[in-house]
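*Asks:* Shown below is the structure under consideration.
In mature numbering (1 follows the signal peptide of the UniProt record, and there is no 0), the protein residues as written are -21 to -1, 1 to 223.
The structure is reproduced here in structure tokens:
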């Protein structure tokens, strides 16, 4: 009896202790690939956009060898590109419902990207998820991601095999990403007075048809998608065979 009481107290302590200071599992990210494009994800490639822009302004007066969002030689000491992600904004259907006290359940959270962006820069953003009346802080990297999954289980949550699944939450989300700074590049086989090294402001990549917008000295792009919170439960009841 004492052992059972002790175990119950430990379980209660686990429920009320905040996630701060705990080791939180990393999210599992499915990365977008140009070789295997997703039908669900529309991805803007900033590197390709920069290459095409340079080729347009050079107009055959040189061949592009390198371009750098960070580092690289910058003739006028132009600043490198910095990226920031604003907090995710969820739709109004994501209100939390009362937790159901059902044992043997695992919570799984997914962010499926509909409109994403890929670049040489990481795009981390902190999100808060709720499990068993407790908030957990998780860091997602939106760069190049087509789908992100997180669970407290250490193993890959996409490989879980639990029979009963219920959808607790589903809503759209959006996250504004912003880029500021200059992209440096180098040319070879130059003609005339075309410089070997140069740089341009990233806001020049603005293209509303692709979702790239300019706001003063900042290039903006809205990452959008669908958030889902699943609860997967396993019934441990064992039905014993009847004796004849």
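In this text, a Cβ means the ideal position worked out from N, Cα and C, and glycines have one as well. Keep in mind it's a predicted model, so treat the numbers as computed, not measured.
For residue 145, count the other beta carbons within 10 Å of its own beta carbon; 16 or more makes it buried, fewer makes it exposed. Which is it?
*Replies:* Exposed: under 16 other Cβ atoms inside 10 Å.
*Asks:* Name the two residues that bound the continuous beta strand (DSSP E) containing residue 225.
*Replies:* Residue numbering for the chain in the displayed model covers -21 to 223; residue 225 lies beyond these limits and cannot be assessed.
*Asks:* With distance defined between alpha-carbon atoms, name the residue in 159, 171 and 176 nearest to residue 165.
*Replies:* Checked all of 159, 171 and 176; the closest Cα to residue 165 is 176.
*Asks:* Considering only DSSP beta bridges, list what residue 24 is partnered with.
*Replies:* Note: residue 24 sits in a beta bridge opposite 97.
*Asks:* Given this structure, state the Cα-to-Cα distance separating residue 62 from residue 110, to the nearest angstrom.
*Replies:* When rounded, the distance between both Cα atoms is 30 Å.
*Asks:* Where does the unbroken beta strand (DSSP E) through residue 179 begin, and where does it stop?
*Replies:* Note, residue 179: beta strand (DSSP E), 176 to 180.
*Asks:* Would you identify the three-state DSSP class for residue 122, choosing helix, strand or coil?
*Replies:* Residue 122: coil per DSSP, three-state reduction.
*Asks:* How close, in whole Å, do the beta carbons of residue 149 and residue 203 come, if the pair is a contact with beta carbons under 8 Å?
*Replies:* That belief does not hold up - the Cβ atoms of residue 149 and residue 203 are roughly 14 Å apart, past 8 Å.
*Asks:* Is it true that the segment 186 to 200 meets the segment 33 to 41, where meeting means three or more beta-carbon pairs spaced less than 8 Å apart?
*Replies:* The segment 186 to 200 vs the segment 33 to 41: no contact.
*Asks:* Per DSSP, which residues does residue 113 bridge with? Please list them.
*Replies:* In the DSSP output, where bridge partners are listed per residue, residue 113 has 110.
*Asks:* Whose CA, out of 4, 6 and 20, lies closest to the CA of residue 125?
*Replies:* Ranking 4, 6 and 20 by Cα distance to residue 125 puts 20 first.
*Asks:* How many angstroms separate the CA atom of residue 174 from the CA atom of residue 52?
*Replies:* Their backbone Cα atoms lie some 12 Å apart in a straight line.
*Asks:* Excluding the five sequence neighbours on either side, which residues of its own chain have a C-beta within less than 6 Å of the C-beta of residue 208, listed in chain order?
*Replies:* Hits under 6 Å: 88, 147 and 148.
*Asks:* For residue 235, which three-state DSSP category applies?
*Replies:* With the chain represented from -21 up to 223, any question about residue 235 goes unanswered, as that position is not in the structure.
*Asks:* Can you tell me where the beta strand (DSSP E) with residue 202 in it begins and where it stops?
*Replies:* 197 to 212 is the extent of the beta strand (DSSP E) around residue 202.
*Asks:* Given this structure, state the Cα-to-Cα distance separating residue -14 from residue 160, to the nearest angstrom.
*Replies:* Interpretation of residue -14 is limited by its pLDDT of 38, a score under 50 that renders its predicted location unreliable; the figure taken from the coordinates is listed afterwards. Cα to Cα, residue -14 sits roughly 55 Å from residue 160.
*Asks:* Can the beta-carbon of residue 163 be found less than 9 Å from the beta-carbon of residue 25?
*Replies:* No, these two residues do not count as a Cβ contact at 9 Å.
*Asks:* Alpha carbon to alpha carbon, how far is residue 200 from residue 27?
*Replies:* About 15 Å.
*Asks:* Do you know whose CA, among 180, 7, 206 and 112, lies nearest residue 33's CA?
*Replies:* The shortest Cα separation from residue 33 among 180, 7, 206 and 112 belongs to 180.
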